[in-house]
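Residue numbers (the numbering used here): 1 to 299. Just so you know, even glycine gets a beta-carbon here, dropped at the ideal spot from N, CA and C. Just so it is clear, the structure is predicted and the values come from calculations on it, not from any experiment.
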């Protein structure tokens with residue numbers, strides 16, 4: 001019967017369409033967008049204070065804030081005695097991606113004497129450290145950060161009038177992972193330009209080249225060893241050299257909790273020379289022993 005034949009044909013067509021549909025691959029959902037990778041995106045963070053006096057390249061994430069308190073000590077001079085102590089209170093904030101700003105206040109006290117004459121001095125000051133990360137380790141194999149650090153100090157030495165010192169630091173912080181989770185290296189290059197009163201202002205500069213290796217001995221605990229070479233000049237450029245010194249020493253960094261970190265470093269002057277002075281160390285422009293202790297907290 002024609003109607004029966006038509007029904008059978010429709011059933012066969014539907015069956016073949018179902019079979020064809022079953023052979024089609026299911027529609028896949030659109031892949032998730034790849035995460036945005038930038039110079040400040042690192043799969044493995046390296047604590048900036050894990051290298052002693054030398055500093056790593058990482059910067060605070062956008063919106064992250066953390067205060068820190070740093071003690072710096074300098075001891076030893078050629079004639080008499082000199083003990084310098086300084087405290088720096090800083091707050092660091094990730095203003096936007098790859099950029100960290102860190103205003104700070106500081107105070108220092110120096111107890112010095114020569115030939116029975118005291119030369120104590122006190123100073124207070126402030127500054128702002130601005131860091132911008134240029135290269136990331138994940139993208140380029142090397143982390144690189146540019147730092148501009150202007151500051152001023154108001155000094156009050158005994159037996160002399162008060163005066164103000166202005167300093168601008170221009171720095172490059174670089175670091176690299178040598179063995180993931182274990183061994184890291186850092187290199188710093190700094191030039192400090194200084195104007196010292198009272199008027200007419202004296203101009204000077206200090207060039208610093210530093211290298212450090214840091215070993216993560218356990219989760220959150222790092223031991224470091226570094227070498228730093230410093231050259232003092234009696235002008236803003238590289239002429240009229242006043243002296244140079246090479247320092248070496250160990251450091252330790254401990255991430256006590258997720259928010260709290262403690263680091264300490266010690267450097268001793270192992271070689272140097274002050275212009276016009278005898279001896280194999282420069283104890284005129286630099287101390288013989290340097291100490292740094294830092295307590296940091298992150299929110």
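Go ahead and pull the three-state DSSP assignment for residue i.
i: residue 78; result: coil
i: residue 137; result: helix
i: residue 225; result: strand
i: residue 214; result: strand
i: residue 50; result: coil
i: residue 24; result: Note that residue 24 scores 36 on pLDDT, short of 50, meaning its location in the model is unreliable and no value can be drawn from it.
i: residue 144; result: strand
i: residue 17; result: In this prediction, residue 17 scores a pLDDT of 37, lower than 50, which makes its location untrustworthy; no coordinate-derived value is stated.
i: residue 59; result: coil
i: residue 208; result: strand
i: residue 201; result: coil
i: residue 255; result: strand
i: residue 162; result: coil
i: residue 241; result: strand
i: residue 44; result: coil
i: residue 288; result: coil
i: residue 234; result: coil
Pick out whichever of the options has its Cα sitting closest to the Cα of residue i.
i: residue 154; options: 127, 208, 179, 216; result: 127
i: residue 271; options: 198, 120, 279; result: 279
i: residue 217; options: 191, 244, 180, 210; result: 180
i: residue 133; options: 140, 187, 144, 123; result: 144
i: residue 208; options: 238, 185, 289, 73; result: 238
i: residue 124; options: 86, 79, 289; result: 86
i: residue 276; options: 242, 295, 269, 157; result: 242
i: residue 91; options: 68, 286, 255; result: 68
i: residue 82; options: 212, 110, 204; result: 110
i: residue 50; options: 298, 291, 257, 252; result: 252
i: residue 226; options: 55, 59, 148; result: 55
i: residue 204; options: 52, 256, 273, 236; result: 236
i: residue 269; options: 290, 263, 250, 258; result: 290
i: residue 190; options: 196, 210, 200, 201; result: 210
i: residue 246; options: 264, 138, 288; result: 288
i: residue 63; options: 84, 93, 39; result: 93
Compute the beta-carbon to beta-carbon distance between residue i and residue j, rounded to the nearest angstrom, for a pair I have assumed lies under 8 Å.
i: residue 267; j: residue 228; result: 7 Å
Is residue i close to chain C, meaning its C-beta is less than 8 Å from at least one C-beta of that chain?
i: residue 233; result: Considering every chain present, this structure includes no chain C. It has just one protein chain.
Is the segment 71-85 close to the segment 166-183, with three or more CB pairs under 8 Å?
no
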